[in-house]
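In my numbering, the protein residues as written are 2 to 376.
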């Protein structure tokens, strides 16, 4: 503890001297970077006075990892707080969630207009994308784990490569392959297809990892009972990995909700409510954020931050649900599942007790055949 306090004090003093007295350096970011670097150096020096080399390496690496975690958490908190503060002027108006921009213009006050059409468009597009990607992604993951073969290796390579696919490429693909030759206009269905391209590799990869964790002895026990491969998958493998599969779907949904480039090229911009994904442009929350923030009008910028805050809250909730569902280890059950197991055990015990109390039906031995009389 004293090593940490001393290193922090020495690093802060060194950074202030360098940025205030000894050099011409200036800037808050540079001050923080120099202070962190000095903290690590001073801490290693202080620990080395009373520890071995291996202990110094272990403690310094531990401090670096904790600093990295604290930095990432601080960045996340800063993004969330900054977005909420900038968009609070729009968020506390009820009309922001119940009206569309059909009743308001760029210079209208925040008491007029809202993002209802963007919220509805996002829900429609993500629902279509889920209807496409969930069965296809889980079936692909089952194929990779339960069937295998040379073609499965090729499919796994393609899905891994698609994970790093730039989102703008997915939007350009749907624009060239679907929008221009088929619909001849941008619409919500094309945007849902572009979102599906981005969600599919996430779901495949996550579900693949989850299905690999299912113990093989469960499959072997099912095969030993004489069941087929697909009944084993349906009744043993998938129920065992259902929490992990739900996490994979939620992670893919969060990825699809935050995509801007695909919908920018395929969805189109509309100021009115559009509930038919095949009929004209359909605005979504990421596209609404982009359009509002790039406007020169201050009220539009505030609406953009309000839409971004709404989208950010939805994504954080989804990640929280994914963490809640997928954070339980094997054998850990929820209180509801524990109550269900207890009820099933009690019912089984009652059936066994009733069977034991039932008197056995009397049985009569068949008559023995009469012996033949010898003459």
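By construction, the Cβ of each residue, glycine as well, lies at the ideal position given by its N, Cα and C atoms.
This structure is a prediction, so every number in the text was calculated from the model and none was measured.
Return helix, strand or coil for residue i, following the three-state DSSP convention.
i           : result
residue 116 : coil
residue 165 : coil
residue 331 : Low confidence applies to residue 331: its pLDDT is 49, below 50, so where it sits in the model is not reliable enough to give any reading.
residue 229 : coil
residue 272 : coil
residue 101 : coil
residue 285 : coil
residue 294 : helix
residue 107 : coil
residue 240 : helix
residue 215 : coil
residue 2   : coil
residue 147 : helix
residue 311 : helix
residue 26  : coil
residue 187 : coil
residue 254 : helix
When burial is assigned at 16 or more other CB atoms within 10 Å of the CB, is residue i buried or exposed?
i           : result
residue 299 : exposed
residue 92  : buried
residue 88  : buried
residue 227 : exposed
residue 172 : buried
residue 26  : exposed
residue 24  : exposed
Express the C-alpha separation of residue j and residue i in angstroms, rounding to a whole number.
i           : j           : result
residue 290 : residue 131 : 22 Å
residue 165 : residue 159 : 10 Å
residue 121 : residue 274 : 8 Å
residue 95  : residue 324 : 31 Å
residue 277 : residue 20  : 59 Å
residue 292 : residue 267 : 15 Å
residue 288 : residue 322 : 25 Å
residue 358 : residue 316 : 57 Å
residue 198 : residue 147 : 24 Å
residue 255 : residue 239 : 22 Å
Do residue i and residue j have their C-beta atoms within less than 8 Å of each other?
i           : j           : result
residue 308 : residue 103 : no
residue 36  : residue 16  : yes
residue 78  : residue 313 : no
residue 126 : residue 177 : no
residue 61  : residue 41  : yes
residue 179 : residue 187 : no
residue 134 : residue 200 : yes
Between residue i and the ligand ADP, is there a pair consisting of the residue's CB and a ligand heavy atom that are separated by less than 7 Å?
i           : result
residue 135 : As far as ligands go, the structure on display features none, and thus does not contain the ligand ADP.
With three or more C-beta pairs closer than 8 Å as the rule, is the region 140-151 touching the region 202-220?
yes
Contact between the region 239-248 and the region 259-278 is defined here as three or more beta-carbon pairs at a separation below 8 Å; is this criterion met?
By the Cβ rule, the region 239-248 does not count as touching the region 259-278, because fewer than three pairs are nearer than 8 Å.
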